[in-house]
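Numbering (my numbering), first residue to last: 6 to 273.
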């Protein structure tokens with residue numbers, strides 16, 4: 006027979022375990038009940054997400070977009086700056102609720118996370134120094150190429166015959182490697198190349214659009230967080246309907262947002 010002291014000890018231990026379970030349960034459901042939206046971003050992807058040199062605040066198209074969405078779904082946005090290739094693992098472990106980091110919607114990624122409706126039509130570019138002859142992908146065969154780790158640009162760079170690919174945590178590091186002469190070219194997103202060449206005319210770089218690389222960017226979420234996906238998609242649709250989305254798009258890219266972007270991407 007269990008004596009009274011031992012019985013009290015066992016009951017007390019069970020209560021602690023139950024309390025711990027309740028706390029754990031609250032943590033796992035915080036994505037739908039909390040007023041805070043934890044957003045992961047890799048703030049080196051100008052003009053989508055980066056740190057303002059003067060204020061040291063996060064800014065960019067993605068940052069303003071997710072903050073506008075946060076207001077519409079009554080969530081306070083908290084930003085976490087983490088490596089790009091750590092974003093999907095962070096979503097899967099629920100360390101973040103959303104990844105807002107210029108992430109291309111791909112079939113492989115869609116098997117791991119949920120994506121919002123596409124919010125940007127993108128393409129890739131090959132960046133090289135003025136004076137370098139690059140008229141086609143054939144001119145890159147056997148060359149050294151820089152790209153950002155975990156990106157579609159890195160994937161494509163590896164497919165070019167005979168290339169030696171150097172991968173970096175940030176796109177600006179890949180561009181710096183080109184500037185320092187460590188590589189012959191860099192494969193990055195077209196808007197990044199356009200923005201960089203405008204801001205750094207002294208570096209005398211050129212770029213060409215990487216052929217047949219039309220792709221779309223989306224906000225990523227945990228596979229089990231369909232409720233959040235629905236809220237975000239509604240916010241994006243409402244922003245497009247009332248003009249806020251186009252105003253934001255034009256502010257950062259100086260053109261109107263495409264009117265024919267798909268609502269959902271289907272992969273075969």
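Every residue gets a Cβ at the ideal spot worked out from N, C-alpha and C, and that includes glycine.
As the structure is a prediction and not an experimental result, all values here were calculated from the model.
{"query": "Residue 242 in three-state terms, based on DSSP", "result": "helix"}
{"query": "CB contact flag (residue 189, residue 133, <9 Å)", "result": "yes"}
{"query": "Contact under 9 Å by Cβ, residue 225 with residue 70", "result": "no"}
{"query": "Contacting residues, own chain, Cβ-Cβ under 7 Å from residue 77 (five flanking each side not counted)", "result": "240 and 243"}
{"query": "Expected contact under 8 Å - CB spacing of residue 221 and residue 123 to nearest Å", "result": "4 Å"}
{"query": "DSSP three-state assignment for residue 270, whether helix, strand or coil", "result": "coil"}
{"query": "Sequence-distant residues of the same chain with beta carbon closer than 8 Å to residue 171, five excluded per side", "result": "149, 150, 151, 152, 179, 182, 187 and 188"}
{"query": "Secondary structure, beta strand (DSSP E): runs of 3+ residues fully inside the segment 126-176", "result": "129-134, 149-153 and 169-173"}
{"query": "Pair within 9 Å by beta-carbon distance, residue 228 and residue 119", "result": "yes"}
{"query": "Through-space distance from residue 158 to residue 218, alpha-carbon basis", "result": "10 Å"}
{"query": "Where the alpha helix (DSSP H) containing residue 75 begins and where it ends", "result": "66-77"}
{"query": "Residue of 103, 234, 160 and 249 minimising C-alpha distance to residue 269", "result": "234"}
{"query": "Distance between residue 52 and residue 196 (C-alpha atoms, nearest Å)", "result": "8 Å"}
{"query": "Spatial neighbours of residue 166 in its chain, beta-carbon cut-off 6 Å, leaving aside the 5 residues before and after", "result": "146"}
{"query": "For residue 197, three-class secondary structure by DSSP", "result": "helix"}
{"query": "Straight-line Cα distance separating residue 262 from residue 250", "result": "8 Å"}
{"query": "Closest by C-alpha distance to residue 117, when choosing among 96, 176, 50 and 54", "result": "96"}
{"query": "Reduced DSSP category for residue 261 - H, G, I as helix; E, B as strand; rest coil", "result": "coil"}
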